[in-house]
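Numbering (full-length UniProt numbering), first residue to last: 1 to 152. Backbone N, C-alpha and C define an ideal beta-carbon position, used for all residues, glycine too. What follows is a single structure, written as structure tokens, with notes after it.
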């Protein structure tokens, strides 16, 4: 999808930086009832793929992913409301891709979350992963499109 406001288009290198260094994103799925379902999630971006983790229990996200593999993923950072000009500064990236559940070899991907979110607790984190890995689900989104927009 082509962006309407070309003056706000973010450079490719900045898109990569936003995806690598933003704390959380919003996963959008197609709901079984026809409504979109968007949920905030921690994530890791690596090699043009987004990794998510969660439980393998049956909830909205898992039901929707089984029904439709096409998803959107949005991140926003550096927001600042400018009240006197009725405006907001921001950087955002919207991605579209296909999601799948990784059935085997989850540990290296779970370790990526430790490296991003808990780098000072790797040893404890690896013990936690070892205990929780059987109940954990790791999702991989292969990106087919990503667009960055900013007003700074």
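Under the 10 Å beta carbon count, residue 129 is surrounded by 16 or more other beta carbons and is classified as buried.
Scanning its chain for C-beta atoms nearer than 7 Å, with the 5 sequence neighbours on each side dropped, one finds around residue 135 the residues 55 and 56, in chain order. Collapsing the DSSP output to three states places residue 128 in a helix.
Counting other Cβ atoms within 10 Å of its Cβ, residue 146 reaches 16 or more and is therefore classed as buried. Where residue 83 is concerned, there is no enclosing beta strand (DSSP E), because DSSP gives it neither an H nor an E. Inclusion of residue 30 and residue 43 in the CB contact set at 8 Å is not warranted, their separation being larger than that value.
About 15 Å separates the CB atoms of residue 93 and residue 41; that is not less than 8 Å, and the two are not in contact. Within the DSSP secondary-structure output, residue 68 pairs in no beta bridge. Residue 136 is bridged by DSSP to 55. Between residue 91 and residue 78, the C-beta spacing is below 8 Å. A straight line joining the alpha-carbon of residue 53 with that of residue 150 spans about 28 Å. The shortest C-alpha to C-alpha distance from residue 35 to any of 83, 139 and 61 is the one to 61. In this structure, residue 96 sits away from residue 39, with a CB-CB distance that is not shorter than 8 Å. Going by beta carbons, residue 107 and residue 133 fall inside the 8 Å limit.
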